[in-house]
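Asks: So that we are looking at the same thing, I have put the structure below in structure tokens.
Numbering (our numbering), first residue to last: 3 to 353.
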């Protein structure tokens, strides 16, 4: 008896051909509008943050360069959503290897997940640097400086790009189903890859992030206050140093909390679908549910790109004051240009 895959049997194919409309016209319009608005805001706001840090020398501190890497990754994440939302391979004549490659960037969201991993790695490295500076300030002889940030940029992007290549090439375009489906190469166990990805791409960076942050939090808020209260000198410099570190740690904490909240819906869905097979795709209806849930959970993840610049501006006095100065200069320039144009119009040239 010939073994037939449940995802490729004739009934499944007929169902797909009869129900190609995964979303109604109204649902498609709603999805396009909300994703477009969020991604445009994300690109614009993160673009302003990136421009200020790159353009203004005094903003190129180690902490702000970490923020720059986060902002760039958010811009890449927003841009990578457009092929996923707007590009439909079934409406084109693209076939073969090109179609398979495009599936990895559309349905596979390669660029989006690369940017997400860069963000997680950047937050982890930032938290580790905070941990070393707060918990072991006298033991370490090396710390992150501006000249080292190019290595943080390069390694975070290089590791993320290479780490997710298997996911990129695992998608294939089915000419009959008119859908991008998972098709792993022979000999590759997808469960092993997902476990490997979960441990080294999510669990380890996230664990180091949470451990270093919680430890630094305990050191500053409990040990720090206790040491000051016991100190006879109770120096102003010591108090100021602790307050500066507390503000920096609060900023990192808000970024981490925002990241976790926005990504938790998709992470929960990914865990259920991979680990226990809650959302299998053995029928077209399951595939339809999977696509709809993916669109919904990814919206919260994309929304993280909008919240991050708000956190930067709210928690960074330098960025906030520089942004206000930039807006003030632009408004002043526009007003001067308007006044000068009106003045010149009142004095017509001789003919």
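Cβ atoms here follow ideal geometry from the backbone N, Cα and C, with glycine treated the same way. All of these numbers come straight from a predicted model, not from anything done at the bench.
Return helix, strand or coil for residue 89, following the three-state DSSP convention.
Replies: Within the chain shown, residue 89 is the residue found at index 87, counting from 1. The answer is coil: DSSP assigns residue 89 none of H, G, I, E or B.
Asks: Would you be able to state if there are at least three C-beta pairs under 8 Å between the region 306 to 314 and the region 74 to 90?
Replies: Yes, the region 74 to 90 is in contact with the region 306 to 314.
Asks: Who are the near neighbours of residue 256 in its chain, counting only those whose CB is closer than 7 Å to its CB and skipping five residues on each side?
Replies: Residue 256 sits at position 254 when you count from the first residue of the chain shown. Correct list, in chain order: 313 and 317.
Asks: Secondary structure at residue 184, three-state DSSP: helix, strand or coil?
Replies: Your numbering for residue 184 matches position 182 in the chain shown. Strand.
Asks: Considering only the alpha carbon of each residue, which of 28, 261 and 86 lies closest to residue 72?
Replies: Within the chain shown, numbered from 1, the residue matching residue 72 stands at position 70. Minimum Cα distance to residue 72 is reached at 261.
Asks: Taking the alpha carbon of residue 151 as the reference point, which residue from 274, 162 and 63 has its own alpha carbon closest?
Replies: To locate residue 151, count along the chain shown from 1; it is residue 149. Nearest option by C-alpha distance: 63.
Asks: In terms of residue numbering, what span does the alpha helix (DSSP H) encompassing residue 198 cover?
Replies: The residue given as residue 198 occupies position 196 in the chain shown. First-last of the alpha helix (DSSP H) with residue 198: 192 to 199.
Asks: Can you give me the C-alpha to C-alpha distance between residue 228 and residue 252, rounded to a whole angstrom?
Replies: Here residue 228 corresponds to residue number 226 of the chain shown, with the count starting at 1. Here residue 252 corresponds to residue number 250 of the chain shown, with the count starting at 1. Confidence is the limiting factor: at residue 228 the pLDDT is only 47, short of 50, which leaves the residue's position unreliable and the question unanswerable from this model.
Asks: Could you tell me if residue 355 is buried or exposed, where buried requires 16 or more neighbouring beta carbons within 10 angstroms of its beta carbon?
Replies: Absent from the structure is residue 355, since the part of the chain shown begins at 3 and ends at 353.
Asks: Below 8 Å on the Cβ atoms is my contact criterion, and I expect residue 110 with residue 170 to pass it. Report the Cβ-Cβ distance as a whole number of Å.
Replies: Along the chain shown, one-based indexing puts residue 110 at 108. Along the chain shown, one-based indexing puts residue 170 at 168. That pair is a contact at about 6 Å.
Asks: Quick one: residues in its chain with C-beta nearer than 7 Å to the C-beta of residue 2, no 5 flanking neighbours on either side, listed in chain order?
Replies: A question about residue 2 goes unanswered here, because the residues of the chain that appear run from 3 up to 353.
Asks: Kindly indicate which residue of 58, 132, 33 and 31 has the alpha-carbon position closest to the one of residue 248.
Replies: The residue given as residue 248 occupies position 246 in the chain shown. Checking every option, the nearest Cα to that of residue 248 belongs to 132.
Asks: Considering residue 173, what are the terminal residues of the beta strand (DSSP E) in which it resides?
Replies: Numbered from its first residue, the chain shown carries residue 173 at position 171. It spans 173 to 176 - the beta strand (DSSP E) in which residue 173 sits, taken as one unbroken run.
Asks: For residue 192, count neighbouring C-beta atoms within 10 Å of its own C-beta (all shown protein chains included) and say buried if the count is 16 or more, exposed if not.
Replies: If you number the chain shown from 1, residue 192 lands on position 190. The residue in question, residue 192, is exposed, as its Cβ has fewer than 16 Cβ neighbours within 10 Å.
Asks: By the three-class DSSP mapping on this structure, what secondary structure does residue 162 have?
Replies: Counting from 1 along the chain shown, the entry for residue 162 is found at position 160. DSSP places residue 162 in helix when its eight states are reduced to three.
Asks: For residue 154, count neighbouring C-beta atoms within 10 Å of its own C-beta (all shown protein chains included) and say buried if the count is 16 or more, exposed if not.
Replies: Counting from 1 along the chain shown, the entry for residue 154 is found at position 152. Buried: at least 16 other Cβ atoms inside 10 Å.
Asks: Is the separation between the beta-carbon of residue 254 and that of residue 129 shorter than 8 Å?
Replies: For the purposes of this step, residue 254 is taken as residue 252 along the chain shown, with counting starting at 1. For the purposes of this step, residue 129 is taken as residue 127 along the chain shown, with counting starting at 1. Yes, they are a contact pair.
Asks: For residue 268, which of 205, 250 and 301 has the nearest alpha-carbon?
Replies: Against the chain shown, residue 268 aligns to sequence position 266. When only C-alpha atoms are compared, the closest one is 301.
Asks: So is residue 156 buried or exposed if we call it buried at 16+ other beta carbons inside 10 Å?
Replies: Taking the chain shown and counting its residues from 1, the one referred to as residue 156 is at position 154. So residue 156 counts as exposed.
Asks: Write down the C-beta distance between residue 163 and residue 127 rounded to the nearest angstrom, noting that I regard them as a contact closer than 8 Å.
Replies: One-based indexing of the chain shown puts residue 163 at position 161. One-based indexing of the chain shown puts residue 127 at position 125. Rounded, the Cβ-Cβ distance is 17 Å, inconsistent with contact.
Asks: Helix, strand or coil: how does DSSP classify residue 26 here?
Replies: Translated into the one-based positions of the chain shown, residue 26 becomes position 24. It is coil, neither helix nor strand.
Asks: Count the other C-beta atoms from every protein chain shown that fall within 10 angstroms of the C-beta of residue 190, then say buried if there are 16 or more, exposed otherwise.
Replies: Counting from 1 along the chain shown, the entry for residue 190 is found at position 188. Result: exposed.
Asks: Rounded to whole angstroms, what is the Cα-Cα separation between residue 206 and residue 119?
Replies: Residue 206 sits at position 204 when you count from the first residue of the chain shown. Residue 119 sits at position 117 when you count from the first residue of the chain shown. One C-alpha to the other measures close to 12 Å.
Asks: From residue 19 to residue 290, what does the alpha carbon distance come to, in whole angstroms?
Replies: Residue mapping note: residue 19 aligns to position 17 of the chain shown, counting from 1. Residue mapping note: residue 290 aligns to position 288 of the chain shown, counting from 1. With a pLDDT of 47 at residue 19, under the threshold of 50, the predicted position of this residue should be treated as unreliable, though the coordinate-derived value follows. If I take the Cα positions, the gap works out to 13 Å.
Asks: How would you call residue 122, buried or exposed, if buried means at least 16 neighbouring beta carbons within 10 angstroms?
Replies: As a first step, residue 122 is located in the chain shown; it is residue number 120 there, counting from the start. So residue 122 counts as buried.
Asks: Note down the Cα distance separating residue 199 from residue 165, rounded to an integer number of angstroms.
Replies: Within the chain shown, the letter at position 197 stands for residue 199. Within the chain shown, the letter at position 163 stands for residue 165. About 8 Å.
Asks: Do residue 321 and residue 54 have their CB atoms nearer than 8 Å?
Replies: In the chain shown, counting from the first residue as 1, residue 321 sits at position 319. In the chain shown, counting from the first residue as 1, residue 54 sits at position 52. Yes, Cβ-Cβ distance for residue 321 and residue 54 is below 8 Å.
Asks: Taking only the alpha-carbon atoms, compute the straight-line gap between residue 299 and residue 82 and give it to the nearest angstrom.
Replies: Taking the first residue of the chain shown as position 1, residue 299 is located at position 297. Taking the first residue of the chain shown as position 1, residue 82 is located at position 80. Straight-line Cα distance between these residues: approximately 16 Å.
Asks: Rounded to a whole number of angstroms, what is the C-alpha to C-alpha distance between residue 174 and residue 185?
Replies: By one-based count along the chain shown, residue 174 stands at place 172. By one-based count along the chain shown, residue 185 stands at place 183. Rounded to whole angstroms, residue 174 to residue 185 spans 6 Å at the Cα level.
Asks: Given a threshold of 16 other Cβ atoms within 10 Å of its Cβ, counted over all protein chains shown, does residue 167 qualify as buried or as exposed?
Replies: Locating residue 167 in the chain shown gives position 165, counting from the first residue. Its Cβ having fewer than 16 others within 10 Å, residue 167 is exposed.
Asks: Can you list, in chain order, the residues of its chain whose CB lies under 7 Å from that of residue 106, leaving out five sequence neighbours each side?
Replies: If you number the chain shown from 1, residue 106 lands on position 104. Closer than 7 Å at Cβ, skipping near neighbours: 112, 170, 171 and 173.
Asks: In chain order, what residues of the same chain have a beta carbon less than 6 Å from the beta carbon of residue 102, not counting five sequence neighbours either side?
Replies: Your numbering for residue 102 matches position 100 in the chain shown. The answer, listed in chain order, is 174 and 175.
Asks: Please tell me whether, using a cut-off of 7 Å, the distance from the CB of residue 104 to the nearest non-hydrogen atom of the ligand COA is below it.
Replies: Although the ligand COA was asked about, the structure shown includes no ligands whatsoever.
Asks: Apply the 10 Å Cβ neighbour rule to residue 220 and answer buried if 16 or more other Cβ atoms are within range, or exposed otherwise.
Replies: Walking along the chain shown from the start, residue 220 turns up at place 218. Answer is exposed; the Cβ neighbour count stays below 16.
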